[in-house]
Every structure is written in C-alpha cells, then in structure tokens.
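Numbering-wise (our numbering), the sequence shown opens with residue 3 and increments by one.
Built from N, CA and C at the ideal position, the CB exists for glycine as well.
Structure first, commentary second.
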Amino acid sequence: MPWNLSGTYLESCNCDAVCPCTTSGLTAPADHERCQVTFAFHVDGGDVDGVDVSGRSVVVFVDAPRVMADGGWQVALYVDAAADDGQAEALGRVFSGQAGGPMAALVPLVGELLGVERVPIDYRDDGRRHAVRVADAIDIEIEDQVAPQFGADGPVMGLTGVFHPVSSTLTVARSTRATGTGVYGRSWDFTGGNGHSAPFAWSA
C-alpha cells in the first residue's frame with residue numbers, strides 16, 4: 003500500500019562544516035576516523051498503510067566507517083514514545099527501509115542494527131535554529147548559517163544538487179549543542195560541528 007510523509011529534519015555529525023560525506027555522495031573520507039551522525043525527523047503530516055502518523059518524530063543514529071559508501075554501518079532507531087503501537091510499527095517500517103522509499107536505498111550499507119527503542123523525543127524548529135532531545139541519550143541544537151556580510155537576517159547558506167536520502171537541497175549549519183550519552187556504548191560532544199536542516203516529502 004502506498005505511503006507518504008512530509009515534515010522537517012535536522013542532522014548533526016562529528017565532521018567539520020561542511021561534511022565531506024554530504025558533498026561527495028558518501029565517497030570522500032569523513033574528517034575523523036569514524037562518521038557518527040544523527041538524523042532527526044518530525045512528521046508534520048503522513049499516512050502509512052492507512053495509519054495517520056502526523057505529529058510524530060523519529061531519530062536515526064549511524065556509526066559508519068570513515069568512507070560511508072564502504073558500508074558496515076551500525077544503526078540505532080528511536081521512535082517517538084507518543085506514538086501508539088500502530089504508528090510505531092508503521093514508522094519503524096518506513097525508517098528502517100522495509101517499506102521502500104529513500105531509506106531503502108541505504109539498507110545495503112547497514113551492517114548491524116544496534117536496536118530499536120520507543121523513547122520521548124522533543125523536536126523543535128525556531129527560525130534558523132532546530133533542536134531535538136532523545137530521552138536522556140541525545141541532545142542537539144543546530145543553527146543554519148548566514149554569511150556575516152548579510153547580517154543576522156540574511157539568506158541562509160545552502161547546498162543544492164547533493165545526493166542525500168532526505169533532500170537534494172540542505173542548509174549549511176553548525177551545532178550549538180550536540181551531545182550523546184550512553185548511546186549503545188557511545189558518548190560524545192560534537193558541539194560546533196557540521197549540521198544540516200531541510201523540509202522533506204517522501205512517498206512510496
């Protein structure tokens with residue numbers, strides 16, 4: 003049965019801005035020995051096999067080799083605790099790639115599923131700032147960047163024509179806060195590192 007989702011997304015990783023993975027179609031080495039990235043999605047509107055999933059959030063954490071195209075990704079999936087059983091199952095199928103769509107193209111790169119958890123997720127958009135908190139595990143805020151010459155109210159810098167599962171057009175952003183604690187044995191502080199945001203519209 004067809005499905006569709008639309009909403010907003012943010013990304014934070016341990017690369018410096020701008021991430022080589024994003025600008026090379028996953029073929030250039032990341033800035034550090036491993037690529038650790040969090041993708042957070044808020045669904046403004048969506049239907050999966052007749053299940054309304056509007057207003058729910060999903061977060062995907064990836065720990066990948068320095069060249070992401072090499073595969074062997076370790077992935078954790080966090081589903082909004084506010085979702086009922088039907089919504090959680092539907093979102094799990096979409097964001098694991100089982101239901102087709104953009105995430106399905108990444109499935110061959112995944113070597114290990116670390117786990118799937120239903121946890122409180124607080125996702126916020128506030129102008130150029132975008133934030134997500136995943137229980138006590140992940141806390142991220144990114145800010146879309148504007149060239150200083152244009153002032154604080156100038157146009158946000160962006161990337162276009164990129165190979166990316168969320169969108170071919172992304173903002174250039176930096177994290178003002180990006181921490182993880184006990185994420186399947188991983189803890190980090192990537193504050194000041196690379197970020198992106200974008201609206202997304204998926205269907206299959």
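Span of the alpha helix (DSSP H), counted from its first residue to its last, around V96: D87 to F97
Candidates E119, G103 and V50, of which the one nearest A84 by Cα: E119
Contact with chain C by V96, beta-carbon distance below 9 Å: Structure shown: chain C not included; a single protein chain is present.
Of the residues E143, V55 and S189, the one placed nearest R179, counting alpha carbons only: E143
Three-state class that DSSP yields for D33 in the structure shown: coil
Reduced DSSP category for L28 - H, G, I as helix; E, B as strand; rest coil: coil
Buried or exposed (CB count within 10 angstroms, at least 16 for buried), S177: When all chains shown are included, S177 counts as buried.
Simplified DSSP assignment, three categories, for C15: strand
Buried or exposed (CB count within 10 angstroms, at least 16 for buried), V45: buried
Cα-Cα separation, P31 to M105: Spanning the alpha carbons of P31 and M105 requires a straight line of approximately 22 Å.
Sub-9 Å separation of G47 and S59 beta-carbons: no
For W204 and T173, the rounded distance between their alpha carbons: Their Cα atoms are separated by approximately 18 Å.
Residues bridged to F165 (per DSSP): Its beta-bridge partners do not exist; DSSP assigns none.
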